[in-house]
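Everything on this sheet refers to the single structure shown next.
Okay, structure coming up:
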């Protein structure tokens, strides 16, 4: 078994040496470096690449140092010590507290591997900025599987319009672990926070829906992709309701991009491109019940399903777009800058296709309806060429 590699960062060298002496005699722990807080210490951290960084600091200084460590070592665990009350805070990224030497040793030895979790126990972190994101968040909260763990954060309204170079002052000090992050920002400035948020939550996947190109420009999306695509799965469904467990529509070129990721797959099993199971009275050719097998992230599919009951099969397909628009859909009604259909139109067409497939399966129950997204690919299909 490889030892846990530890780096000690303290305000006083004597304290760092004391902790080093304490840990050096412990089985399975290797101290790879100690240092006080100096301008070059974060480069030193990158060089040593420890599994655990012990930080001695208090108050705001502790939060600042923890954030800086996680910026340069996204997959490390940080154990922060506060000398005035002997508290031990463990950031991984979920905070735990203790006061004893035994608590420190337990924090250092805690397994680093987080990839053995079942996707069915999805831990989801959602950040949103306004009513668009809040509606999606509330729908997920209402209908997500009970096994999921949900956390949300509203982006501060005073985030500078020109963007930020250091995201740390704008982010919470403490974070919970997450398997996937969904960014529902309504401005490009939110994208600048995402690398730090992915690092702090320890997420393996990032969903960045594009329901309005004014909220996420191609330049902003590309910047995030170039920083994170080699570390985590990054997905840009446009519109959000084009997402399936294996693919999504990308921007105005109407291209389907493959994705193969267990966390994205788990989410898209329940939210994404709508799927209905429709029951009909064959004699009267009317719909008697509709089950939503996959809802649109915003909840539109459930609203449409409610209004389909009682319609004839022909009426259901014809009325699908009207029902979709009445919800209403919040995707952009503006034509994309490079041409093509507005995203609200694409979303309406996807809804109509879902109703049509459900009606076809109802009318011909022996014929299995084909579902989109049967292929697989590498974790991130290359959207941009570097």
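Numbering (this note's numbering), first residue to last: -12 to 373.
Every residue gets a Cβ at the ideal spot worked out from N, C-alpha and C, and that includes glycine.
When only Cα atoms are considered, residue -7 and residue 321 end up about 53 Å apart. Straight-line measurement puts the Cα of residue 252 at about 15 Å from the Cα of residue 262. Membership of residue 119 in the alpha helix (DSSP H) is indicated by the continuous run 118 to 130.
By the criterion of a C-beta distance shorter than 7 Å, residue 7 is surrounded in its chain by -5, 18 and 21, once the five residues flanking it on both sides are discounted. Nearest to residue 293 by C-alpha distance, out of 351, 3, 109 and 275, is 275. Between the segment 103 to 113 and the segment 134 to 143, the count of C-beta pairs closer than 8 Å reaches three or more; the two stretches touch. In the three-state reduction of the DSSP assignment, residue 8 falls in the helix class, which pools H, G and I.
Secondary structure of residue 17 (DSSP, three-state): strand. Non-local beta-carbon contacts of residue 288 in its own chain, meaning distances under 6 Å to residues more than five positions away in sequence, involve 261, 279 and 282 in chain order. In the three-state reduction of the DSSP assignment, residue 321 falls in the coil class.
Ranked by how close their Cα comes to the Cα of residue 255, the residues 244, 243 and 234 have 234 in first place.
Excluding sequence positions up to five before and after residue 159, its CB lies within less than 8 Å of the CB of 140, all in the same chain and listed in chain order. For residue 289, the uninterrupted alpha helix (DSSP H) segment begins and ends at 287 to 295.
Residue 29 places its beta carbon 8 Å or farther from that of residue 49. Restricted to the segment 209 to 259, the beta strand (DSSP E) segments that are unbroken, complete and at least 3 residues in length are 220 to 222, 234 to 237 and 242 to 245, listed in chain order. For the pair residue 171 and residue 113, the CB atoms are nearer than the 8 Å cut-off. Around the C-beta of residue 189, 16 or more other C-beta atoms lie within 10 Å, and the residue is accordingly described as buried. Exposed is the label assigned to residue 62, since fewer than 16 other Cβ atoms lie within 10 Å of its Cβ.
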